[in-house]
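Below is one structure, written out as C-alpha cells; comments come after it.
Number of protein chains: 2
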Amino acid sequence: MPSSEEMKAAMRSYVERLNAADLEGVLALFTDDATVEDPVGAGVHSGAEAVRAFYAMAIASGARLSIVGPQRGSTSDAAAMALDVLVAPPGAPTMKVGVIETMRFNEAGKIVEMRAYWGPEDMAPAD
Amino acid sequence: MPSSEEMKAAMRSYVERLNAADLEGVLALFTDDATVEDPVGAGVHSGAEAVRAFYAMAIASGARLSIVGPQRGSTSDAAAMALDVLVAPPGAPTMKVGVIETMRFNEAGKIVEMRAYWGPEDMAPAD
Numbered sequence: 000m001p002s003s004e005e006m007k008a009a010m011r012s013y014v015e016r017l018n019a020a021d022l023e024g025v026l027a028l029f030t031d032d033a034t035v036e037d038p039v040g041a042g043v044h045s046g047a048e049a050v051r052a053f054y055a056m057a058i059a060s061g062a063r064l065s066i067v068g069p070q071r072g073s074t075s076d077a078a079a080m081a082l083d084v085l086v087a088p089p090g091a092p093t094m095k096v097g098v099i100e101t102m103r104f105n106e107a108g109k110i111v112e113m114r115a116y117w118g119p120e121d122m123a124p125a126d
Numbered sequence: 000m001p002s003s004e005e006m007k008a009a010m011r012s013y014v015e016r017l018n019a020a021d022l023e024g025v026l027a028l029f030t031d032d033a034t035v036e037d038p039v040g041a042g043v044h045s046g047a048e049a050v051r052a053f054y055a056m057a058i059a060s061g062a063r064l065s066i067v068g069p070q071r072g073s074t075s076d077a078a079a080m081a082l083d084v085l086v087a088p089p090g091a092p093t094m095k096v097g098v099i100e101t102m103r104f105n106e107a108g109k110i111v112e113m114r115a116y117w118g119p120e121d122m123a124p125a126d
C-alpha cells in the first residue's frame, strides 16, 4: 500500500500535469480500470477510454488547479485535498470552482478512484 | 434529496453539537444504520450502537472541531468539508488533527455515511 506521503505526492503530480495540459502524464497516474466522478452525482467515468475523454475535455476547458490548504491522508489507501479550479472555456468568462477531491490508490500507488465534491453553488465568477 | 445547502447546514450542526458535547444531538443527525469511518482505513463503525460508542469516545476525548475554508457540495447526496480538530485527552498534551470529511445523506437529510480522511502525519502538537 502506498504511504500517505506517496498518495499526496501523486495528487500533486495530478495537479501539475493537468495544469501543464499533459494528458498522457495525467492518465499515467490512473489504473486502466479507474473511475472518475466529477462532480459527485454527475455520473461515473469508468475505464481508460472514458477517463481519457474526461481529462481531454478538462484540459480543453483550460482548467487551472491550485491546492488549497494541507492535503490529508488516511490509514489505508485513500487521501483527500481541497482545490480551487479556474475554468476558462473559449469565449466564456472565467469561473472559479471550489472542490474537495478524494482519491483511492492501488498497491502500486496508481489512482483507482477519483471523486470531486462540488455543486453549482460552489462555482462563481473568478475575481 | 437534500440540497447542498441543507447538507452543509447539517455538517455545521454536527460540528456545533460535537463541540457542545451534545451526544444525543449529534446522534440525531444520523440514520439508525449509518456508518462512520474515522480515520478512513481504521475500521467502519456501523449502526446506531457503534456510532454512539464512537461519538461518546470523541466527546470524552475533548474533541473541538473548527471548519477550515468553504464546505463543498455535489450534484447528488454528498458533501465535504475540511476541519481542524483539537483533541485533549485528560493528562495528555493537546494535539491538532487536520481532517477532510465526506458525508452522504438520505432523502430526509440524515447522515448515512461519514468518512474522515487523516493519517498520523496529519496530527501534530497544537500551538
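Those protein sequences? They're chains A and C, same order as listed. For what it's worth, numbering that gives the first Met the number 0 labels the leading residue of the first sequence as 0, then goes sequentially. For what it's worth, numbering that gives the first Met the number 0 labels the leading residue of the second sequence as 0, then goes sequentially. We put the CB at the ideal spot given by N, CA and C, even for glycine.
Straight across, the Cα-Cα distance linking residue 31/A with residue 58/C is about 43 Å.
Beta-bridge pairing by DSSP links residue 86/A to 94/A. Separation of residue 81/C and residue 6/A (C-alpha to C-alpha, rounded to the nearest whole angstrom) is 18 Å. Rounded to the nearest whole angstrom, the C-alpha separation of residue 103/A and residue 97/C is 19 Å. The Cβ of residue 34/C sits no closer than 8 Å to any Cβ of chain A.
Looking at the DSSP output, residue 67/A sits in a beta bridge with 81/A.
Taken through DSSP and simplified to helix, strand or coil, residue 12/C comes out as helix. Comparing alpha carbon positions, the residue from 109/A, 83/A and 100/A closest to residue 125/A is 83/A. With respect to the C-alpha of residue 77/C, the residue from 53/C, 41/C, 122/C and 100/C having the closest C-alpha is 100/C.
Taking 8 Å as the CB threshold, residue 99/A lines the interface with chain C. Counting the other Cβ atoms within 10 Å of the Cβ of residue 52/A gives fewer than 16, which makes it exposed.
About 6 Å separates the beta carbon of residue 17/C from that of residue 62/C, a gap short enough to meet the 8 Å contact definition. Neighbours of residue 41/A across chain C, judged by C-beta separation under 9 Å: 73, 74 and 75. Residue 124/C carries a strand assignment under DSSP once its states are collapsed to helix, strand and coil. CA-CA distance, residue 95/C to residue 123/C, rounds to 5 Å. Residue range 110-116 is occupied by the beta strand (DSSP E) that includes residue 111/C. With the criterion set as a beta carbon lying under 7 Å from some beta carbon of chain C, the members of the region 78-102 of chain A are 78, 79, 81, 97, 98, 99 and 101, in sequence order.
For residue 35/A, the three-state secondary structure derived from DSSP is strand. For residue 27/C, the closest of 13/C, 37/C, 40/C and 19/C by C-alpha to C-alpha distance is 13/C. In this structure, residue 0/C lies away from residue 120/C, with their beta-carbon atoms at least 8 Å apart. Cβ neighbours of residue 113/A within its own chain (closer than 6 Å, five residues either side excluded): 35 and 102.
Straight through space, the alpha carbons of residue 117/C and residue 91/A are spaced by roughly 38 Å.
Taking C-beta atoms as the reference points, residue 43/A and residue 29/A fail to come closer than 8 Å.
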